[in-house]
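Only one structure is covered here, and it is reproduced in the block below.
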Amino acid sequence: VTAKRGTKSITGDLDAMYQSAREHHAEPIAMTLPPWGAFQDYDAARHQITIDVNAWIRARASAEPPIRVVDVFAVLSCGDPNQLCADYAFKDRLHWNARGHEVLGQKLVFDEAIKQAIDPDGIMNPGKVVLADGYAAFE
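Be aware that the sequence shown starts at 19, since it is given in the working numbering, and climbs by one per residue.
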């Protein structure tokens with residue numbers, strides 16, 4: 019987004035990466051763009067591209083074939099669509115600090131635990147997931 023690229027070129031590149039991953043028998047995991055409004059050249063156009071690219075990424079979860087999506091934006095924004103949450107960012111408000119990485123890691127583990135707890139018929143088996151102190155584990 020900082021290279022003056024538009025939504026179409028960004029999503030086209032992402033789509034090519036997801037396809038390449040599948041061709042190499044890897045499961046792609048798509049992550050939304052985090053808020054980056056503290057960037058010196060951030061403007062309304064870049065904000066809109068971020069919103070559009072993130073909507074496209076989120077839609078991959080229900081596309082065919084579906085892609086696992088991790089919503090980094092939702093985790094790290096704390097409700098402000100332009101800024102990283104102060105608790106999860108270094109002073110520059112662009113880069114994630116250790117707490118930001120920890121919270122995102124917990125989200126990844128939790129999402130995987132939920133995925134593992136759903137049986138092939140799509141029924142949740144909560145006995146397979148143990149949650150403690152914000153972390154998920156398997157029985």
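C-beta atoms are modelled at their ideal positions from N, C-alpha and C, and glycine is treated no differently.
Bridge partners - residue i, DSSP secondary structure assignment
{"i": "R86", "result": "I47"}
{"i": "A107", "result": "W114"}
Distance, residue j Cα to residue i Cα
{"i": "R78", "j": "D98", "result": "24 Å"}
{"i": "H113", "j": "V90", "result": "13 Å"}
{"i": "R86", "j": "S80", "result": "9 Å"}
{"i": "C103", "j": "R40", "result": "34 Å"}
{"i": "H65", "j": "Q101", "result": "11 Å"}
{"i": "G24", "j": "F57", "result": "17 Å"}
{"i": "N72", "j": "D31", "result": "14 Å"}
Three-state secondary structure (DSSP) of residue i
{"i": "Q101", "result": "coil"}
{"i": "G30", "result": "helix"}
{"i": "G55", "result": "coil"}
{"i": "G123", "result": "helix"}
{"i": "D61", "result": "coil"}
{"i": "R76", "result": "helix"}
Own chain, CB closer than 8 Å to residue i, minus 5 neighbours either side, in chain order
{"i": "A92", "result": "T50"}
{"i": "P84", "result": "R78"}
Nonlocal neighbours in the same chain, by C-beta distance under 7 Å from residue i, ignoring five residues either side
{"i": "D129", "result": "V88"}
{"i": "R117", "result": "D105 and Y106"}
{"i": "K7", "result": "With the chain running from 19 to 157 in the structure shown, residue 7 is simply not present."}
Residues near residue i in its chain [Cβ-Cβ closer than 6 Å; skip 5 each side]
{"i": "W74", "result": "T29"}
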